[in-house]
Structures are given as C-alpha cells and as structure tokens.
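These notes are about the structure you will find just below.
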Amino acid sequence: MKTILNAAQKGGSGKTTLARNLSVAATLDGKRVLCLDLDPQGSLRGWWESRKADTPAMLDRDPAPDALSATLDAARAQFDLCRIDIPPAHPEWLNEPLAAAGLVLIPVRPSPNDLRAVGATVAAVKDAKVPFVFALSQTPCARITEEAARVLAQHGRVAAVNIAQRVAYAETGATGHGVSETTDQKAGAEIAAVWDSVKGSLDG
Ligand SMILES: Nc1ncnc2c1ncn2[C@@H]1O[C@H](COP(=O)(O)OP(=O)(O)O)[C@@H](O)[C@H]1O
Ligand SMILES: [Mg+2]
Numbered sequence: 078m079k080t081i082l083n084a085a086q087k088g089g090s091g092k093t094t095l096a097r098n099l100s101v102a103a104t105l106d107g108k109r110v111l112c113l114d115l116d117p118q119g120s121l122r123g124w125w126e127s128r129k130a131d132t133p134a135m136l137d138r139d140p141a142p143d144a145l146s147a148t149l150d151a152a153r154a155q156f157d158l159c160r161i162d163i164p165p166a167h168p169e170w171l172n173e174p175l176a177a178a179g180l181v182l183i184p185v186r187p188s189p190n191d192l193r194a195v196g197a198t199v200a201a202v203k204d205a206k207v208p209f210v211f212a213l214s215q216t217p218c219a220r221i222t223e224e225a226a227r228v229l230a231q232h233g234r235v236a237a238v239n240i241a242q243r244v245a246y247a248e249t250g251a252t253g254h255g256v257s258e259t260t261d262q263k264a265g266a267e268i269a270a271v272w273d274s275v276k277g278s279l280d281g
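Residue numbers (our numbering): 78 to 281.
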C-alpha cells in the first residue's frame, strides 16, 4: 500500500480538495483507496459522509496521530493507496504522518504569501527525507501562475498540470462527488492528469 500525505502550512491552500479529488480519481483508476482525516475539523470526513458511493473508503473512526502507524499496518492488505489529510499550521505530530508517507503532495496557491509560507513545509518534508511534489492550486490563468511555477521549480518537482480555480472544486465539497464525476470535463481532465503524474512519482 502506498501512502500520500497532503501537507501545506497555509490554510486554504487546497489540501482537502486535492485529497478528495485524487482519491476519487485513483478509485476510478481501479485502486482500492483509504482516506484518513487527521484534521480535527473533519473536512475530508464531512465530504465523505455526504458521498453516496462506498469508495474511496474511510474507517469508522480516524486514528489519533500516534496510532497512525498501527492503523496503516492493519490496512495494508486491504488497500492499494492511503490518502492522509492533515490540518494547516503544522501540527506538533507532523512527524507521524511524514514518517508514514511515500510521497508528500504540497498544494500551493500562486500568491506571494503562499510562496513565502511554503519554505517551512519543504524544510519539514526534506528533514523527513520523503519525496515531494508541488501542485499549483486555485490557479488563475495569469502570469502570476507561471511565475509561481518557476519559483517552486527551484525547490522541487512541480506537477505538470495545475489545479485551476473552478466552481466544481468548491461545489463538490458539499455534494460528496469528485470533479471527475461531474460534467466539468476540464476539471476532470486536470485531476486525471495530476493523478497520472502523482502515480508516476509513487512508482518511481
Ligand atoms: N481549485 C479550486 N477551485 C475553486 N475552489 C477551490 C479550489 N481548491 C480549493 N478550493 C476552495 O478553497 C477552500 C479551501 O480549500 P481546502 O482544500 O479546504 O484547503 P485546505 O485543506 O488546504 O485548508 C475550500 O472552500 C475549497 O472549496
Ligand atoms: Mg483541509
């Protein structure tokens, strides 16, 4: 079982949105996916509870951070992929999910404040020696997006496809769908492309 952690110190950067949509994309790609929500706000679980489909799966209760490793061991035989969502503002237990992760996905909005905040996340992930990929999130079609990609590329790999600012991402937070299950084909295509690129990083 591969484990992907979404991390970014900045709130609102798109961690939970990416977790829900990549979980659905991986499920549609035939993977058995388990979502774990370690954010006390429970946004990922809230989305999942409004979802009609049984997959991706969640446990009856999410583990406490210090029980994460035992939970993953117990899930290993049943799932191909585990997606872990965490709160913003690095929790003191960040090392637990970092130690469990095979890949960290760092969503970043293309704004100076978000770019400034990303250093702390990158430092923690590099300390833990986990591979990571940046994903530009909520991108406008503007020069600031290209500039942000250039800045991030100096620090690590940037997903080839950006997650644009689209109503479908916000709406599906309430409906329990992934954008791949809506009529927004552009959103579905970009999530499929990001999943493809993430999948490649997991294997290699
Ligand atoms: N690509 C996007 N397009 C439009 N709205 C988005 C997008 N990504 C996130 N959002 C919205 O921004 C808000 C914060 O996103 P969220 O994923 O909850 O961030 P985080 O989990 O990092 O705090 C949510 O209301 C979400 O619906
Ligand atoms: Mg969140």
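Ideal Cβ positions, reconstructed from N, Cα and C, are used throughout, including at glycine.
Cβ shell of residue i (< 6 angstroms), same chain only, five flanking positions each side left out
i: T148; result: P140
i: K85; result: Contrary to the premise, residue 85 reads as Ala rather than Lys in this sequence. Here the set comprises K92, I183, P184, T198.
i: N83; result: K92, L95, A96, D162, L182
i: A237; result: S274
i: P208; result: L180
i: A152; result: L111
i: V329; result: The shown model of the chain, from 78 to 281, leaves out residue 329, and the question about it has no answer.
i: V202; result: V181, F209
i: G277; result: none
Nearest residue (CA-CA) to residue i, options the options
i: C159; options: P168, A134, D143; result: A134
i: P174; options: A154, D273, K79, V275; result: K79
i: T315; options: L136, V235, G265, V238; result: Any property of residue 315 remains undetermined from this structure, which presents the chain solely from 78 to 281.
i: L212; options: L229, K263, A201; result: It should be pointed out that residue 212 corresponds to Ala in this sequence rather than to Leu. Residue L229 is the option with its Cα nearest to A212.
i: P117; options: V110, D157, H167; result: H167
i: N239; options: D131, G88, R109, V210; result: V210
i: K108; options: A154, A247, G88; result: A154
i: E267; options: L279, Q231, A251, T216; result: T216
i: V61; options: Q231, G233, T260, H232; result: The structure shown does not extend to residue 61, since the chain is modelled only from 78 to 281, so the question has no answer here.
i: E223; options: S188, A177, A200; result: S188
i: R178; options: I81, D204, Q242, G119; result: Correcting the residue type first, residue 178 is Ala in the shown sequence and not Arg. The option with the nearest alpha carbon to A178 is I81.
i: A205; options: R193, A176, V195; result: A176
i: H232; options: R193, A247, A269; result: R193
Sheet register partners of residue i (DSSP bridge)
i: P184; result: A212
i: L82; result: I161, V181
i: R234; result: V210
i: A241; result: T216
i: V110; result: L158
Chain-order list of residues whose beta-carbon lies under 7 angstroms from that of residue i (same chain, five-residue window excluded)
i: L121; result: T93, A96, R97, C112, D114, D162
i: A226; result: L213, V235
Contacts around residue i, its chain only, beta-carbon distance under 8 angstroms, and the 5 residues preceding and following it disregarded
i: S214; result: S90, G91, T94, L95, P184, V185, R186, N239, I240
Exercise. Name all residues in chain order for which at least one heavy atom of ligand 2 lies closer than 5 angstroms to the residue's CB.
Key: That gives K92, T93, S120.
Quiz item: Hey, which unbroken runs of the alpha helix (DSSP H) at 4 residues or more fall wholly within the region 107-153?
Solution: Every unbroken stretch of the alpha helix (DSSP H) spanning 4 or more residues and falling wholly within the region 107-153 is given here in chain order: 120-126, 145-152.
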